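A.B. asks:
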Amino acid sequence: MAAAGFLLSEDHCLCSICLDVFTDPVSTPCGHNFCKNCINQNWDKNVPYKCPNCKETFSVRPNLKVNTFISEISAQFRQSAQQKGNSSSKQQVYSRKKAEMFVWIKMLSGQTLPWFKYNNINSI
1 MAAAGFLLSE
11 DHCLCSICLD
21 VFTDPVSTPC
31 GHNFCKNCIN
41 QNWDKNVPYK
51 CPNCKETFSV
61 RPNLKVNTFI
71 SEISAQFRQS
81 AQQKGNSSSK
91 QQVYSRKKAE
101 MFVWIKMLSG
111 QTLPWFKYNN
121 INSI
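At position 84 of the sequence shown the residue is numbered 84 (the UniProt record's numbering), and the sequence of numbers has no breaks.
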């Protein structure tokens, strides 16, 4: 039986908090991944502790597990980007992708986006 192919894109390696490629990725008990600093800063400011993606609430601050797979993939993306160089057009595409991810993450999580507030486009 042939193995099914799975294509990873940079979108799989983006933190939903900072919208950048993961730095020191960790997993929450609910299975979502974030940069270690991003989730720690989020939880330093917000109690009760909730997953920013699925909103699962934790009664005590969870122990975060290092996600070695995501860490290796993210490092490869960073290395590849450095080798290719950063032209302004590539940077514009990357910034647009980050903005699109931000909108989708906020809309899928049920959060109202300020610029959509008055246009009745608060959810999908």
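Positions of the beta carbon are idealized from the N, C-alpha and C atoms, including for glycine. Keep in mind that this is a model prediction, so the values were computed, not measured.
Could you have a look at Phe-58 and say whether DSSP puts it in helix, strand or coil?
C.D. replies: strand
A.B. asks: Do you know offhand how far Gln-76's Cα is from Val-47's?
C.D. replies: 34 Å
A.B. asks: My guess is that Pro-52 and Ile-17 are in contact by the Cβ rule of under 8 Å, so how many angstroms apart are they, rounded?
C.D. replies: 6 Å
A.B. asks: What do you get for Cys-13, buried or exposed, if any count of 16 or more other CB atoms within 10 angstroms of its CB means buried?
C.D. replies: buried
A.B. asks: What's the C-alpha gap between Asn-33 and Ser-59?
C.D. replies: 19 Å
A.B. asks: Using the C-alpha atoms, what's the distance from Thr-23 back to Ser-80?
C.D. replies: Rounded to the nearest whole angstrom, the C-alpha separation of Ser-80 and Thr-23 is 15 Å.
A.B. asks: Is Leu-64 near Lys-36, with beta carbons less than 8 Å apart?
C.D. replies: yes
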